[in-house]
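Shown next, in structure tokens, is the structure this report addresses.
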Amino acid sequence: MRRHSLHISAKEAVGPYLIALDVGSTASRGGIYDASGRPLSGSKQRRAHAFTTATDGTSTIDADQVVEEIRSIIEDIKSFAAEAGIELSAVAFDTFASSLVCVAGGEAITPCVTYADARCAAYVDKLAELAGDEAEYHARTGVRFHTSYLPARILWLAAEHPDVLARTEKMMSLGEYVYFKLAGIEGQAVATAAWAGILNAHTAEYDTPILEAVGANMDWFAPLKFPDEPALHDGLRWFHAIPDGWSSNVGSGAVDGIVGLSAATSGAARLLLDHVPEKIPTGLWCYRVGRHEALLGGALNDVGRAISWLETNLAPVSEKQRTALLAADYEDTIPTVLPFFTGERSTGWRGGTRAEFHGVSASTTPADLWRGTLEGVAVSYARVWEHMLSTGARPKAVVASGSVTATVPGWLQLLADQLDTPVIPLNMKRATLRGTAVIAMEQLIDAPPVPDLPFGKPYAPGNTTAARAVYDKFIHHYG
């Protein structure tokens, strides 16, 4: 399926203009965006990179390498703008989240520790001993005790790298470090602190109970900044770096009561709210992103990964067969599959659980296992959905993107049935980068114009009664 972009020429674009930057797991990217969040043709820049990984859970990238990637991207974009006669107004930036760089004397003394680094796993349980009830922590911060968040990483550094921690003068996210090295800018976006597990979601201040519990020095952390508090440098407004998950929702048009659903190797469902729920559902995370706004959602480990397992371990099922089996009626003979091949995140957070197949008989076919697994993935999203509804939210639609929506489009019907809500496929490149531009542009002008996004034909809910029976069987076996 061909993926669309919104590129326009400099002659068609409408100012003001800004540079949007994105650091992902495989590359740093950038380009010029106009007032409506459309990228200017010819302005795109990309610098490939990769994480350094190891069997001990290491997942890092050289922070100074990323600084140089972004520096060269900005220089090339500025050259393009000068040749095109475009006056730039701002710089907007997103990165993967969370991340950690320890800094001393203005220089990184560690590689950037990425969200996927699990070397602190042994210290997650220790958080409960030091910080008390995880439910209370979640109620304040919107997150759970987890390897991807900063509290467990501080304990790991203290126990296994005390020399590094003793030298540390500042703890920065990757985005903060890039801005500091390029422009001397200090400040951490509220959203970035939220994604690090160190922000009180209700007050938008650092969560002192957890930081005190792990022995953190408050001088390590920069002042918190809202989206309407950019820094000024070189005649431009530099909007503090934000997490890519927020950008992804906005860039895909998942705003104003629309859930943004991603379905790739892993998956997520996110709803942008105009407030932080008084009671955050225990099965979800809730990240404060602005003066009032919050992003509520859940994440799944195994979406495309579940499909990869089917492709690797079962007799081949052709694309034609897949299309037919996904279009077929619900059948009681289809196995119930709990698709936790690498553990469960939302909503139960059972990291050690594994996939289960129930109701497999001698007559069960590979196609039946495909159907059951894809039904199970749809139910996993529905469980996140149910928790969203518990806050009083009433989403009106779902925008779905990611590789699975393109390679297995028939699965979107199962999803619409489970959610009892229309599911709208989006087939667009670089939605995250666009979202970063739009979030910043909203601070530059009132009501930025919105272009038509390349949405596909919606999948309307069908046999929701049968879908609910599938859901109930899943919950029965889940326990």
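Position 35, counted from 1, in the sequence shown is what full-length UniProt numbering calls 35; the numbers after and before it change by one each time, with no gaps. For every residue, glycine included, the Cβ atom is placed at its ideal position computed from N, Cα and C. Since the structure is predicted, the reported quantities are computational estimates derived from the model, not experimental observations.
- Of the candidates TYR471, ALA193, GLY297, THR464, ALA193 places its Cα closest to the Cα of ALA241.
- Ranked by how close their Cα comes to the Cα of VAL399, the residues SER36, GLY253, THR436 have GLY253 in first place.
- Distance check between ASN200 and each of VAL14, VAL276, SER380, GLN443 places VAL276 closest, using alpha-carbon atoms only.
- In the three-state scheme derived from DSSP, where H, G and I count as helix and E and B as strand, PHE357 is classed as strand.
- If you ignore the 5 residues before and after LEU272, its C-beta comes within less than 6 Å of the C-beta of ASN249, VAL255, LEU295, all in its own chain and listed in chain order.
- In the DSSP assignment, GLY175 falls within the unbroken alpha helix (DSSP H) covering 174-183.
- Annotation for LEU150: ALA196, GLY197, ILE198 place their beta carbon closer than 6 Å to its own, counting only its chain and skipping 5 residues before and after.
- The residue from ALA35, GLU75, GLY37 with its alpha-carbon nearest to that of ARG47 is GLU75.
- Classified as exposed, ASP332 has fewer than 16 neighbouring CB atoms from the shown chains inside 10 Å of its CB.
- Counting only runs of 3 or more residues that sit fully inside the segment 100-155, the beta strand (DSSP E) segments are 101-104, in chain order.
- Restricting attention to GLY30, THR141, GLU87, the CA atom closest to the CA of ALA204 is found in THR141.
- Distance between ILE307 and TRP285, taken at the CA atoms: about 25 Å.
- For the pair of segments examined, the segment 365-373 was found to touch the segment 307-322: the number of CB pairs separated by less than 8 Å reaches three.
- In terms of Cα proximity to HIS7, the closest of GLY479, SER72, ALA116, LEU40 is LEU40.
- GLU212 counts as exposed, since fewer than 16 other beta carbons sit within 10 angstroms of its beta carbon.
- Remark: three or more beta-carbon pairs, one from each stretch, lie closer than 8 Å, so the segment 405-419 and the segment 374-381 are flagged as touching.
- Contact between HIS387 and GLY283 holds, since their C-beta atoms are separated by about 5 Å, short of 8 Å.
- Nearest C-alpha to VAL404 among PRO454, LEU419, PRO422, THR265: THR265.
- A direct Cα-to-Cα measurement between THR364 and PRO335 gives close to 8 Å.
- Taking 7 Å as the cut-off, the beta carbon of PHE96 is found no closer than this to the beta carbon of SER148.
- Per DSSP, the continuous beta strand (DSSP E) segment holding LEU232 begins and ends at 231-233.
- The C-alpha of ALA131 lies about 42 Å from the C-alpha of ILE424.
- Judged by beta-carbon spacing, ALA128 lies within the 7 Å limit of GLU134, meaning their Cβ atoms are closer than that value.
- By the neighbour-count criterion, in which 16 or more other beta carbons inside 10 Å mark a residue as buried, GLU344 falls on the buried side.
- About 6 Å separates the beta carbon of LYS126 from that of LEU155, a gap short enough to meet the 8 Å contact definition.
- For PRO243, the three-state secondary structure derived from DSSP is strand.
- Exclusion of the five residues before and after ARG144 leaves GLU134, HIS138, TRP349 as the residues of its chain whose Cβ lies within less than 7 Å of its Cβ.
- For ARG47, the enclosing beta strand (DSSP E) has its first and last residue at 45-48.
- Under the DSSP definition of a beta bridge, SER262 partners with ALA268, SER401.
- Counting along the chain, ARG167 sits inside the alpha helix (DSSP H) bounded by residues 162-167.
- Setting aside the 5 residues that flank it on each side, ALA397 is surrounded in the same chain by ILE258, THR421, PRO422, ILE424, each with a C-beta closer than 7 Å to its C-beta; the list follows chain order.
- Look at ILE77 here: in three-state DSSP terms it is helix.
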